[in-house]
Amino acid sequence: MSEEREPKVPTEEGRPPRDLWSEGEPALTPEGTPPSPPVKARRGDEIHAFPEMAVGEGDVRTAGEVPEVTRGTSLWKDAWRRLLKNRLAVFGLFVVCFIILAVLLGPPVIKATTGFQYDTIPADTKLVQSFPPFTGPDGQFAATHPMGTDSAGRDMLARVLQGGRISLMVGIISTFVSLLIGITWGATAGYLGGKIDDVLMRIVDVLYAIPYMMIVIVLLAFFGGRSPLQQIFLLFAALGAVSWLTMARIVRGQVISLKNQEFVLAARATGVSTPKIIFRHLVPNALGPVIVYATLTIPSVMLTEAFLSFLGLGVQAPYASWGSLAQEGIQNIAVFPWQLIFPGVTMALTLFSLNFLGDGLRDALDPQMRKF
Amino acid sequence: MFRFIVRRLIVTVPMVLIVISLTWALIRLAPGNFYASDKKLPAAIEKNIRVKYGLDKPWYVQYGRMMGNILQLDFGNSLKYENETVNDILKRTVPVSAALGACAYLLALVVGIFMGTLAALKQNSKIDYGSMGLAMLGISLPNFVLGPILVLIFSLSLYWLPPARWGGFPSWNLLLPVLTLSAVYMAYIARLTRAGMLEVLRSDYIRTARAKGLTERQVVMRHALRGGLLPVVSFTGPALAILITGTVVVERIFAMPGLGNYFINANLNRDEPLILGIVAFASILVLVFNLLVDIAYGFIDPRIRY
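So the protein sequences, as listed, match chains A and D.
Under my numbering, the first residue of the first sequence carries the number 490, and numbering increases by one thereafter.
Under my numbering, the first residue of the second sequence carries the number 1324, and numbering increases by one thereafter.
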């Protein structure tokens, strides 16, 4: 190459300077639409960009309200705000909180006001029959049993609330067990990679294909039934042990996408041990999807528990769960429908709300996963 | 393709054996036994029973004998229903469960795909919100609540339909159980279809189809549904697992002589051969189904190669 080529750059000579701001019409404004008013800031608006670069509502701050230090918004705060915008998720959150409060505070309150506990059988034998909701022994209106009584004269409201305690507890603890197994399994596979990853994930694939409910039924039928408390612990373990598979996959995916980032390299360079890198550095960063999936695991575990209790393999008397209450209720469905309807509807409402909350959390924490 | 099937079968067969071994181990490790009762048996009788069922041999002999028999598809006689072999019971109960499950799945497919497609086409409309709310309700409402409520309304109040029992294959007895069983699938399928369709409707090949001037009907029926239903196809495998658990409850509610009902009774009776027979049958079914789904995937989605 003998001669150096001049780069072909268009020169501005002879052209009027371009006014980029006022050139042309806004592209996508339909004709006749007045330009939208400038974005106004409200009190308490937070700043996402410098004022010169502000383009959207969220980027603006009000003059006079400029804080000394620009406050950033954390991932969690952003997610929380997105969640509050989702009406169904807020409804779910509200109902779930209400039910948790009712389940915790209800039984003592009922005991204080009407004297009924979930296992109180009235001493008066004439009373031992099932009353419809809001009806006393004389067939007249009475506020003592808002949900009626079961066939042994026990207050349904107290039983439904007590059953809710067990159902929610099984749901939450089993989900926690599945979190422990799933996170450890998935994070180990994802971080270590290679052969270990292959083996661990192949085991998960294989377990996916097992009709595990049958094995759980066999387990509960053969090992359960010695004491009601032991049965509940068996439930925690069994349900936790079969619901961690998807969790492991999710955590593994997250860890793989995180493990090549600088903070992991930095941790490794400073001599942090492998388990510590996994649990102190990687897992906390993968928590978003984990929380979302855990919220959706709780209702599915509760449903499984109810299913097992319905078959008589889950929670045993004197304890009750929504599933075992429904099972008692179905015996008398033709005569005393409230024995089934109240626990059933309470349970359905709880699961409904938890599912909506989980969906809302997914949209809020992980907008990219959102399905339009 | 052929190699893929062979490779999968190589994994599948040991899987079934592992499931059976696990079940057998659980049964054997559990305290007590099937002949235990409140009355203490005389030692001589107990010894005879143990000899009769081969329980006096070491565990590996028992295990080997059990496996050998199962590999020949001979599950032996039921302990509870003594004059019937497990195979007889399977022959009797499987058609009941299969009729129930197949009808429920077909109904769910038709209604679910229809609702999901409609919701996707009218995204963010009242139809969309309504059908998705209904789907969420279907997922959240346990079938043991839905079933009795349906019975309460249609059988015990309106007297339109029989409340329970098996009445042969095409009979009105089947309607309520099928409705109860299909609610969950309907919901899942509607949600999957909606998500799949929304993704596909935004893709380039749909824009091409529209640009060619096809009618909306042709675009949806011929092009979009094929891609949008892939998630539904892959759901068929897990669906079968839910179906098995679902039929257990539905058969119990509606007093149907199906596989699920017998499985629960077998567990309560400690009927080891029957439990092993049903577990083996179900796991073979689930694994074969998963294989079929994977193969079907290749036919529907031309992008997939084995």
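Virtual Cβ for every residue (Gly too), placed ideally from N, Cα, C.
Cα-Cα separation, residue i to residue j
{"i": "A:ILE766", "j": "A:MET702", "result": "35 Å"}
{"i": "D:SER1480", "j": "A:ALA578", "result": "36 Å"}
{"i": "D:SER1494", "j": "D:VAL1474", "result": "16 Å"}
{"i": "A:ALA568", "j": "D:ALA1425", "result": "42 Å"}
{"i": "D:GLY1377", "j": "D:VAL1409", "result": "18 Å"}
{"i": "D:PHE1604", "j": "A:LEU681", "result": "38 Å"}
{"i": "D:ALA1353", "j": "D:ARG1575", "result": "25 Å"}
{"i": "D:VAL1542", "j": "D:MET1438", "result": "17 Å"}
{"i": "A:ASP884", "j": "A:THR677", "result": "Within the shown structure, residues of chain A are numbered from 490 to 861, placing residue 884 of chain A beyond reach of any answer."}
{"i": "D:GLU1595", "j": "D:VAL1342", "result": "14 Å"}
{"i": "D:VAL1417", "j": "D:LEU1457", "result": "31 Å"}
{"i": "D:MET1389", "j": "D:TYR1585", "result": "21 Å"}
{"i": "D:GLU1522", "j": "A:LEU572", "result": "23 Å"}
{"i": "A:VAL744", "j": "A:ALA758", "result": "18 Å"}
{"i": "D:GLU1369", "j": "D:GLU1407", "result": "23 Å"}
{"i": "D:HIS1546", "j": "D:GLY1536", "result": "13 Å"}
{"i": "A:LEU723", "j": "A:PHE831", "result": "27 Å"}
{"i": "A:LEU854", "j": "A:ASN774", "result": "12 Å"}
{"i": "D:MET1338", "j": "A:ILE822", "result": "42 Å"}
{"i": "A:TRP827", "j": "A:ALA591", "result": "19 Å"}
{"i": "A:GLY862", "j": "D:PRO1365", "result": "Outside the shown range of chain A (490 to 861) lies residue 862 of chain A, about which nothing can therefore be said."}
{"i": "A:HIS770", "j": "A:TRP733", "result": "21 Å"}
{"i": "D:ALA1367", "j": "D:ASP1379", "result": "13 Å"}
{"i": "A:LYS566", "j": "D:PHE1477", "result": "49 Å"}
{"i": "A:ARG715", "j": "A:GLN651", "result": "21 Å"}
{"i": "D:LEU1515", "j": "D:LEU1610", "result": "22 Å"}
{"i": "D:SER1344", "j": "D:ILE1567", "result": "20 Å"}
Extent of the continuous alpha helix (DSSP H) run through residue i
{"i": "D:GLY1581", "result": "It is not in any alpha helix (DSSP H) - D:GLY1581 carries neither H nor E in the DSSP assignment."}
{"i": "D:TYR1511", "result": "1498-1524"}
{"i": "D:PRO1596", "result": "1595-1623"}
{"i": "D:SER1454", "result": "1449-1463"}
{"i": "D:GLU1407", "result": "First-last for D:GLU1407: undefined, no H or E at that position."}
{"i": "A:ASN575", "result": "Run containing A:ASN575: none; DSSP gives neither H nor E here."}
{"i": "A:ALA809", "result": "Run containing A:ALA809: none; DSSP gives neither H nor E here."}
{"i": "D:THR1346", "result": "1325-1352"}
{"i": "D:PHE1467", "result": "1466-1473"}
{"i": "A:SER762", "result": "A:SER762 -> no alpha helix (DSSP H), and no H or E assigned at all."}
{"i": "D:ASN1392", "result": "1382-1394"}
{"i": "A:LEU843", "result": "827-854"}
{"i": "A:SER798", "result": "776-799"}
{"i": "A:TYR701", "result": "701-712"}
{"i": "D:VAL1374", "result": "1366-1375"}
{"i": "A:PHE722", "result": "717-731"}
{"i": "A:ARG757", "result": "751-758"}
{"i": "A:ILE739", "result": "734-747"}
Integer-rounded CB distance, given that residue j should sit under 8 Å from residue i
{"i": "A:LEU843", "j": "A:THR784", "result": "7 Å"}
{"i": "D:ALA1589", "j": "D:LEU1597", "result": "4 Å"}
{"i": "A:VAL834", "j": "A:VAL659", "result": "The pair is not a contact, with the Cβ atoms about 19 Å apart (cut-off 8 Å)."}
{"i": "A:ALA710", "j": "D:LEU1402", "result": "14 Å between Cβ atoms; not a contact."}
{"i": "A:LEU797", "j": "A:GLY812", "result": "7 Å"}
{"i": "A:ARG851", "j": "A:VAL740", "result": "In fact, because the Cβ distance is near 16 Å, the residues do not count as touching under 8 Å."}
{"i": "D:LEU1423", "j": "D:VAL1501", "result": "6 Å"}
{"i": "A:LEU708", "j": "A:ALA737", "result": "In fact, because the Cβ distance is near 21 Å, the residues do not count as touching under 8 Å."}
{"i": "D:LEU1524", "j": "D:ALA1443", "result": "6 Å"}
{"i": "A:ASN575", "j": "A:GLY777", "result": "Actually they do not touch by this definition, with Cβ atoms about 16 Å apart."}
{"i": "A:LEU669", "j": "D:PRO1465", "result": "About 27 Å; that fails the 8 Å criterion."}
{"i": "D:LEU1563", "j": "D:LEU1608", "result": "7 Å"}
{"i": "A:PHE725", "j": "A:VAL666", "result": "6 Å"}
{"i": "A:ASP639", "j": "A:GLU817", "result": "7 Å"}
Residues that residue i contacts on chain D, provided the C-beta gap is smaller than 7 Å
{"i": "A:PHE825", "result": "Correct list: empty, because the minimum Cβ distance to chain D is about 11 Å."}
{"i": "A:VAL592", "result": "Within chain D, no residue comes near A:VAL592; the closest Cβ sits about 18 Å away, beyond 7 Å."}
{"i": "A:PRO778", "result": "In chain order: nothing, as chain D lies at least about 17 Å away."}
{"i": "A:PHE799", "result": "PHE1467 and VAL1572"}
Proximal residues of chain A, C-beta to C-beta of residue i below 9 Å
{"i": "D:MET1272", "result": "No answer is possible for residue 1272 of chain D: it lies beyond the span of chain D, which begins at 1324 and ends at 1629."}
{"i": "D:LEU1349", "result": "ILE704, VAL707, LEU708, PHE711 and PHE712"}
Where residue i meets chain D, residues with beta-carbon distance less than 8 Å
{"i": "A:MET836", "result": "PRO1465 and VAL1468"}
Beta-carbon neighbours of residue i, restricted to chain A and to distances below 7 Å
{"i": "D:ASN1590", "result": "ILE706, VAL707 and ALA710"}
{"i": "D:LEU1475", "result": "ILE822 and PRO826"}
{"i": "D:SER1606", "result": "ILE699 and PRO700"}
{"i": "D:MET1459", "result": "PHE841, ASN844 and PHE845"}
Beta-carbon neighbours of residue i, restricted to chain D and to distances below 9 Å
{"i": "A:GLY833", "result": "LEU1464, PRO1465, PHE1467, VAL1468, LEU1469, PRO1471 and ILE1472"}
{"i": "A:ILE745", "result": "Per Cβ cutoff of 9 Å: no residues; A:ILE745 is ~22 Å from chain D at best."}
Run through the region 657-690 of chain A for me and flag every whole alpha helix (DSSP H) of 4 or more residues, listed as ranges in chain order. none
Report the residue ranges of all alpha helix (DSSP H) runs contained in full by the region 1530-1559 of chain D; include only those spanning at least 4 residues, in chain order. 1548-1551
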